[in-house]
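Down below is the structure, laid out as structure tokens.
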Amino acid sequence: MTVAIATHDLRRSFGANHAVDGVDLEVRAGEIYGFLGPNGAGKSTMVKVLCTLLSPSSGTATVGGFDVATEADEIRLRIGVALQEASLDPKQTGRELLQLQGMLYGLSKPNIRRRMDDVIGLVDIGSAIDDLVESYSGGMKRRLDLAMSLIHKPQILFLDEPTTGLDPVSRNDVWKEVRTLNRQEGMTIFLTTQYLEEADELAGRVGIIAQGRLEAEGTPAELKRRIGTDLIVAKIDGDLDAAADAVRDVDGIDSVEVHGEELSAAASDGAGAISGVAVALNGSNHRVTSLTLRTPTLDDVFLDVTGAKLSASHEASDTSGEAAS
Amino acid sequence: MTDTSTPTTAARRIEEEPLARRSTVLHDLATVARRACRSVFREPEFFIPAIIVPVFFFVVNIGALQDVAEGGAAAAGQELDFKAFQLPVAIIFAVTGVSRASALVIDIQDGYFDRLLLTPIRRPALLLGLMAADLMAVLMLAIPVTALGLILGVSFETGIVGIVVFLLYGSLWGLAFAGFPYAIALKTGNPAAVNSSFILFFPFAFLTTSFLPQEALTGWLSTIATYNPVTYVLQGLRSLITEGWVWDDLAKGLLAILGVTIVSFGLASAAMRGRISHR
């Protein structure tokens, strides 16, 4: 097995702020690794360290087998990076920027022509490729940004929140492109995201990061299995701890957790256990405002390992308009 | 941490050779310059004010001061061609402060500068490439101003070769001064700070022999003009118009340009190192 990215006790601090705080991870060549966390968790800092824009404060990191601190030039030849904001020159056309990018990567003219055809076909910008970038929509800018990061056919691709701010159609387009790159080109993809659905859809393995620490890691299925096969979620108006005690005694319930106004009960056979839960809650005189049965999501995993809901922090940051870091 | 895997496999290098490769500084410089030059032509707002200011001062100064200056010189038994005296001033006004520093700040803010840093580009090319575009820009400004001077009757003692040297000489000064806005752009990444670098233009351009010869200046202005490098650049430019090939004057001007270049690009290089160091 070839390891594309490896870090050991990697740390990066800005003064007293430990943005990356002792991360150990290993990404195998050819896999899509999802790095999942809310705004400010340290995802972008991690990407910037791995793609040589920031140096580590301590610890080690290798990309493509090269050390980020001492062999940055070798790494730059082998990686493609699409950072969180599409970084483009609005005064150039898409074609000019792609050509320029090819030249900066030292490609020969025939190689530039061939690769431009390849990436233009992949990202589907159409005739707008000859328009000035300032006329592009947000989705088109993202796709051109992705095309630019692919022009030199990198072995490892870093995508920092590639779909943040995109509409659902553009998001699906980017997902399709990421899958194609991974399957057809065998490209290793390190993807950061704050969208659970995105990590679930794309990543072979997912690392959950919170406050600079890697809190959990595994395939989406493995991570979900930590919670149990099914989840029974009850919203209750009243004493949640007492309700949780009542539910714990129900047959078939593996564990019960309380978060906010919700009570989550994990069960290997949710359908079989839910009626018992309903009876237990009714018997304990709690007013149940909703009772649902569902399979676990990565949000449940995130809640389990960090004690907070990723979707809640995401919504809060969307509301406040805070920039992701 | 509840489930963190610790690397157990030694990281091995991916054996496949990358398609990308590092180019020479010259190739990278040409690539950066190509983009910068293209942008210059797409930004008329870059040129229009830059050409209006020198033409305005040239025409107004001649209209307002020519008779007084030439009459005063004649009374002192000297001969003065005020148009020839003012043409180098117009060139200095045209080329001083012209740079792609504002565009560089936008690149920094928009993240395009980071995109460049992610490529294997040779770092000196990031600045040198912009300077190549600056050279083109200052020549594009200096040529019409010089043409206006010729149309108004200025003639060069040094002939056509002298005109070419005149343009290059002025352009070199423009490049030397451009280091200051680049230093500010790279240090601050702030467009307002870059715009305020225009303030530097005033002491350089006005506390010198812009309106009167050095011997006519008195007091503190004379002292400052003696230490102002623009005084020697103007002297070199004027010598090409009115005196012929005066190597001493040309050399002094070139030394002044070299001195400013060392200071301004020393600052710009330090700011660049600070920005591209891994923070």
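First to last, the protein sequences are chains A and B. Okay, so the first sequence: first residue is 1 according to our numbering, each after it adds one. Okay, so the second sequence: first residue is 326 according to our numbering, each after it adds one. In this text, a Cβ means the ideal position worked out from N, Cα and C, and glycines have one as well.
Residue i versus the options, residue with shortest Cα-Cα distance
| i | options | result |
| --- | --- | --- |
| Gly276 (chain A) | A:Glu257, A:Val250, A:Ile5 and A:Leu159 | A:Val250 |
| Val555 (chain B) | B:Glu568, B:Leu575, B:Ile566 and B:Gly569 | B:Leu575 |
| Val384 (chain B) | B:Phe410, B:Val486, B:Trp572 and B:Ala398 | B:Phe410 |
| Thr513 (chain B) | B:Thr567, B:Gly396 and B:Ala593 | B:Ala593 |
| Arg226 (chain A) | A:Asp239, A:Ser255 and A:Ala147 | A:Ser255 |
| Met465 (chain B) | B:Leu477, B:Phe523 and B:Val489 | B:Val489 |
| Gln539 (chain B) | B:Leu559, B:Phe527, B:Ile524 and B:Phe502 | B:Leu559 |
| Leu157 (chain A) | A:Asn282, A:Glu262 and A:Val81 | A:Val81 |
| Leu83 (chain A) | B:Glu482, B:Phe438, B:Leu354 and B:Arg360 | B:Phe438 |
| Leu88 (chain A) | B:Ala426, B:Asp432 and B:Val414 | B:Asp432 |
| Asn520 (chain B) | B:Ala428, B:Glu404, B:Leu351 and B:Val414 | B:Ala428 |
| Ala267 (chain A) | A:His259, A:Val258 and A:Gly252 | A:Gly252 |
| Leu331 (chain A) | A:Asp237, A:Val301 and A:Asp299 | Given a span of 1 to 325 for chain A in the structure shown, any question on residue 331 (chain A) remains unanswerable. |
| Gln101 (chain A) | A:Gly126, A:Ala61 and A:Leu144 | A:Leu144 |
| Glu217 (chain A) | A:Glu26, A:Ser108 and A:Ser135 | A:Glu26 |
| His352 (chain B) | B:Arg447, B:Trp572 and B:Ile373 | B:Arg447 |
| Ser149 (chain A) | A:Ser58, A:Thr60, A:Pro56 and A:Met103 | A:Met103 |
Buried versus exposed, by CB contacts within 10 Å (16 or more), residue i
| i | result |
| --- | --- |
| Pro162 (chain A) | buried |
| Lys176 (chain A) | exposed |
| Gly495 (chain B) | buried |
| Thr333 (chain B) | Confidence in Thr333 (chain B) is poor, its pLDDT being 41 and thus under 50, which makes the residue's placement unreliable; the coordinate value appears in the next sentence. With fewer than 16 Cβ atoms within 10 Å of its Cβ, Thr333 (chain B) is classed as exposed. |
| Thr192 (chain A) | buried |
| Gly40 (chain A) | buried |
| Gln184 (chain A) | exposed |
| Leu542 (chain B) | buried |
| Ala401 (chain B) | exposed |
| Pro343 (chain B) | buried |
| Tyr195 (chain A) | buried |
| Ile232 (chain A) | buried |
| Leu443 (chain B) | buried |
| Gly484 (chain B) | exposed |
| Leu562 (chain B) | buried |
| Leu223 (chain A) | buried |
| Ile582 (chain B) | buried |
| Phe190 (chain A) | buried |
| Glu404 (chain B) | exposed |
| Pro528 (chain B) | exposed |
| Leu36 (chain A) | buried |
| Gly569 (chain B) | exposed |
6 Å CB neighbourhood of residue i in its chain, flanking five on each side removed
| i | result |
| --- | --- |
| Val463 (chain B) | Val420, Val423, Ser496 and Gly499 |
| Thr219 (chain A) | Arg205 |
| Asn386 (chain B) | Gln411 |
| Ala246 (chain A) | Ala280 and Ser284 |
| Val479 (chain B) | Lys408, Ala409 and Leu412 |
| Val105 (chain A) | Just to set this straight, residue 105 (chain A) is Tyr in the shown sequence, not Val. So the list reads His152, once near-sequence residues are dropped. |
| Leu354 (chain B) | Ala450, Leu453 and Gly454 |
Cut-off 7 Å between Cβ atoms - residues of its own chain near residue i, not counting five sequence neighbours on either side
| i | result |
| --- | --- |
| Val20 (chain A) | Leu10, Arg11, Arg12, Gly42, Thr45, Met46, Val49 and Gly212 |
| Phe418 (chain B) | Val378, Pro379, Phe382 and Ala530 |
| Glu322 (chain A) | In this prediction, Glu322 (chain A) scores a pLDDT of 34, lower than 50, which makes its location untrustworthy; the coordinate-derived value is nonetheless stated afterwards. Excluding positions up to five away in sequence, the list reads Asn39. |
| Gln434 (chain B) | Gly514 |
| Asp406 (chain B) | Thr567 |
| Phe66 (chain A) | Glu74 and Ile75 |
| Ala358 (chain B) | Gly454, Ala457 and Ala458 |
| Leu441 (chain B) | Leu451 |
| Gly165 (chain A) | Gly138 |
| Leu532 (chain B) | Leu546, Ile549, Ala550 and Asn553 |
| Pro90 (chain A) | Leu132, Val133 and Glu134 |
8 Å Cβ shell around residue i - same chain, five flanking residues per side excluded
| i | result |
| --- | --- |
| Gly15 (chain A) | none |
| Arg329 (chain A) | The question about residue 329 (chain A) has no answer here: the residues shown for chain A are numbered 1 through 325. |
| Val178 (chain A) | Ile32, Leu159, Pro162, Ile189, Leu191 and Leu202 |
Contained alpha helix (DSSP H) runs [length at least 4] in the stretch 102-177 of chain A, N- to C-terminal order: Counting only runs of 4 or more residues that sit fully inside the stretch 102-177 of chain A, the alpha helix (DSSP H) segments are 109-123 and 138-150, in chain order.
Those runs of the alpha helix (DSSP H) which lie wholly inside the stretch 341-428 of chain B and span at least 4 residues: List check, alpha helix (DSSP H) in window: 350-366, 369-400 and 407-420.
Ranges of the beta strand (DSSP E) found wholly within the stretch 177-242 of chain A, counting only runs of at least 3: The beta strand (DSSP E) runs of length 3 or more contained entirely in the stretch 177-242 of chain A are, from start to end of the chain, 188-193, 205-210, 213-218 and 230-237.
Any C-beta of chain B within less than 8 Å: which residues of the stretch 41-65 of chain A qualify? Listed by position along the chain: Cys51, Thr52, Leu53, Leu54, Ser55, Thr62, Gly64 and Gly65.
Short-range partners of chain A found in the stretch 418-446 of chain B, where Cβ spacing is below 9 Å: Residues of the stretch 418-446 of chain B with a C-beta less than 9 Å from any C-beta of chain A: Ala428, Ile431, Asp432, Asp435, Gly436, Tyr437, Phe438, Asp439, Arg440, Leu441, Leu442, Leu443, Thr444, Pro445 and Ile446, listed in chain order.
Can you pull out the residues from the stretch 104-129 of chain A whose beta carbon lies closer than 9 Å to at least one beta carbon of chain D? Chain labels in this structure do not include chain D; the protein chains are A and B.
Against chain A: residues of the stretch 563-577 of chain B by CB proximity under 9 Å: Listed in chain order, the positions of the stretch 563-577 of chain B with a beta carbon within less than 9 Å of a beta carbon of chain A would be empty, since no residue qualifies.
Cβ-based contacts, 7 Å cut-off: residues of the stretch 139-158 of chain A near chain B: Within the stretch 139-158 of chain A, the residues whose Cβ lies closer than 7 Å to some Cβ of chain B are His152, Lys153 and Gln155, listed in chain order.
Chain-ordered residues of the stretch 76-89 of chain A with a beta carbon less than 7 Å from chain B: Shown in chain order are the members of the stretch 76-89 of chain A whose Cβ falls below 7 Å from a Cβ of chain B: Arg76, Leu77, Arg78, Val81, Leu83, Glu85, Ser87, Leu88 and Asp89.
Alpha helix (DSSP H) runs contained entirely in the stretch 434-516 of chain B, provided each spans 4 or more residues: Counting whole runs of 4 or more residues, the stretch 434-516 of chain B contains the alpha helix (DSSP H) stretches 437-442, 449-476 and 484-513.
In chain order, which continuous runs of the alpha helix (DSSP H) of length 4 or greater are located wholly inside the stretch 246-316 of chain A? Entirely contained in the stretch 246-316 of chain A, the alpha helix (DSSP H) runs reaching 4 residues are, in chain order, 270-283 and 298-306.
Short-range partners of chain A found in the stretch 499-521 of chain B, where Cβ spacing is below 9 Å: Within the stretch 499-521 of chain B, no residue qualifies.
Where the stretch 344-357 of chain B meets chain A: residues whose CB sits under 8 Å from a CB there: Listed by position, the residues of the stretch 344-357 of chain B near chain A (Cβ gap below 8 Å) are Leu344, Ala345, Arg346, Arg347, Ser348, His352, Asp353 and Thr356.
Kindly provide the ranges of any beta strand (DSSP E) runs that are 3 or more residues long and lie completely inside the stretch 5-80 of chain A, ordered along the chain. Qualifying beta strand (DSSP E) stretches, in chain order: 17-28, 32-36 and 58-63.
Closer than 7 Å, Cβ to any Cβ of chain B: which residues of the stretch 206-230 of chain A, in chain order? The residues in question are Arg213, Leu214, Glu215, Ala216, Glu217 and Gly218.
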